[in-house]
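Student: Residue numbers (our numbering): 129 to 392. Cβ atoms here follow ideal geometry from the backbone N, Cα and C, with glycine treated the same way. Dropping a structure here in structure tokens format, bear with me for questions.
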Ligand SMILES: Nc1ncnc2c1ncn2[C@@H]1O[C@H](COP(=O)(O)OP(=O)(O)OP(=O)(O)O)[C@@H](O)[C@H]1O
Ligand SMILES: [Mg+2]
């Protein structure tokens, strides 16, 4: 608990109803620790509060009750020590792709030559070399999303919050990006909290899969995935133990998506 890089302690969240009715309870008591260098995937039904949890870790939202800590310190302001890839790509429309990706380096006072080199390699890593001078509205949705990933990875944060980062990508690009993330995070020893709807993706990438219930949400399970690394993201079924790990997650998650037990 104490050596967790991120810890969520008895988190509750309520929001005012837009119509002015009673407040809506979204999260109903969640405890979750993310250990140093660990990759934790969070899955849960739409609207259960996954993005809300990430916003708390980024310091963009204070929980109604409970405490979120980063390296033991209570997060009570915008947390600039974590990299955050939000669910919606948020590139500045008036800046080119390269300028968008360069921005965090400018803010950190990195010299021009190094900025150029790092922007080029971050764009290359997400398959966007050649699009430096494009503005966001000249890029596809998936390209904007990759640009937003590059903008976060370019400054090499050691804690990364990712909210369905690969959801908008085509299947092939997605596999390549999963593979890259797996390698990069292992090489850099980064701590990652990763929201996804995709059980296969969660099992392939994560050390632990945290499963949230429908709202008001609780944590149904936090399942350790002990598959050897590196894992083959291109052919998930070829990873020894993949089926059992998938089943362990699916057997908990299925109750939340209203599908009756099937015999096959
Ligand atoms: N600022 C807000 N004001 C009122 N309600 C909010 C606010 N932010 C989130 N909510 C509500 O909280 C709930 C959880 O939202 P959140 O975005 O965290 O869900 P999610 O689990 O990320 O869903 P998805 O998988 O669809 O992205 C939703 O019902 C949403 O309407
Ligand atoms: Mg969300």
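1. Comparing alpha-carbon positions, which option in 312, 345, 343, 326 lies nearest residue 337?
2. Would you tell me roughly how many angstroms separate the C-alpha atoms of residue 269 and residue 216, rounded to the nearest one?
3. Put residue 247 into one of helix, strand or coil per three-state DSSP.
4. By the DSSP assignment, the alpha helix (DSSP H) with residue 228 in it spans what residues?
5. Sorry if obvious, but does the Cβ on residue 291 come closer than 7 Å to a heavy atom of ligand 2?
6. Hey, would you say residue 283 sits closer than 8 Å to residue 236, going by beta carbons?
7. What are the boundary residues of the alpha helix (DSSP H) that residue 379 is part of?
8. How long is the line joining the alpha carbons of residue 376 and residue 224, rounded to whole angstroms?
9. Going by DSSP, which residues form a beta bridge with residue 350?
10. If the criterion is Cβ atoms closer than 8 Å, does the pair residue 274 and residue 254 meet it?
11. Helix, strand or coil for residue 367? Go by DSSP, reduced to three states.
12. Quick one: Cα of residue 348 to Cα of residue 138, how far?
13. Suppose the cutoff is 8 Å on Cβ atoms and the five residues either side in sequence are ignored; what does the same chain contact list for residue 365 look like?
14. What's the gap between the Cα of residue 331 and the Cα of residue 264?
15. Would residue 361 and residue 298 qualify as a contact pair, given that the criterion is a beta-carbon distance under 8 Å?
16. Restricting to Cα atoms, I'd like to know which of 301, 344, 291 is closest to residue 324.
17. Say whether the region 174–189 touches the region 138–153, bearing in mind that this needs 3 or more beta-carbon pairs closer than 8 Å, one atom from each stretch.
18. Does the distance from the CB of residue 243 to the CB of residue 234 come in under 8 Å?
19. Just verifying my parser: in three-state terms, what is the DSSP assignment at residue 324?
20. With DSSP run on the structure shown, which of helix, strand or coil describes residue 135?
21. Exposed or buried, what is residue 208 when buried is set at 16 or more other beta-carbons lying within 10 Å of its beta-carbon?
22. Go through the region 147–209 residue by residue and report every complete run of the beta strand (DSSP E) that reaches 3 residues or more, in order.
23. Taking C-alpha atoms, which residue in 150, 363, 166 lies nearest to residue 300?
24. Rounded to whole angstroms, what's the CA-CA distance from residue 302 to residue 156? Just pull it up for me.
25. Given 7 Å as the limit, tell me if residue 147 has its C-beta closer than that to any heavy atom belonging to ligand 2.
26. Which complete alpha helix (DSSP H) runs does the region 235–299 hold, if anything under 4 residues is left out?
27. Can you find a heavy atom of ligand 1 that lies under 7 Å from the Cβ of residue 294?
28. With C-beta atoms as the reference, is residue 133 less than 8 Å away from residue 319?
29. Just confirm the distance between the C-beta atoms of residue 276 and residue 312, as a whole number of angstroms; I'd bet it's less than 8 Å.
Tutor: For this structure:
1. 326
2. 10 Å
3. helix
4. 225–235
5. yes
6. yes
7. 370–381
8. 44 Å
9. 338
10. yes
11. coil
12. 14 Å
13. 371
14. 32 Å
15. no
16. 291
17. yes
18. yes
19. coil
20. strand
21. exposed
22. 152–163, 167–171, 193–198
23. 363
24. 33 Å
25. no
26. 240–253, 269–281
27. no
28. yes
29. That pair is no contact at about 16 Å.
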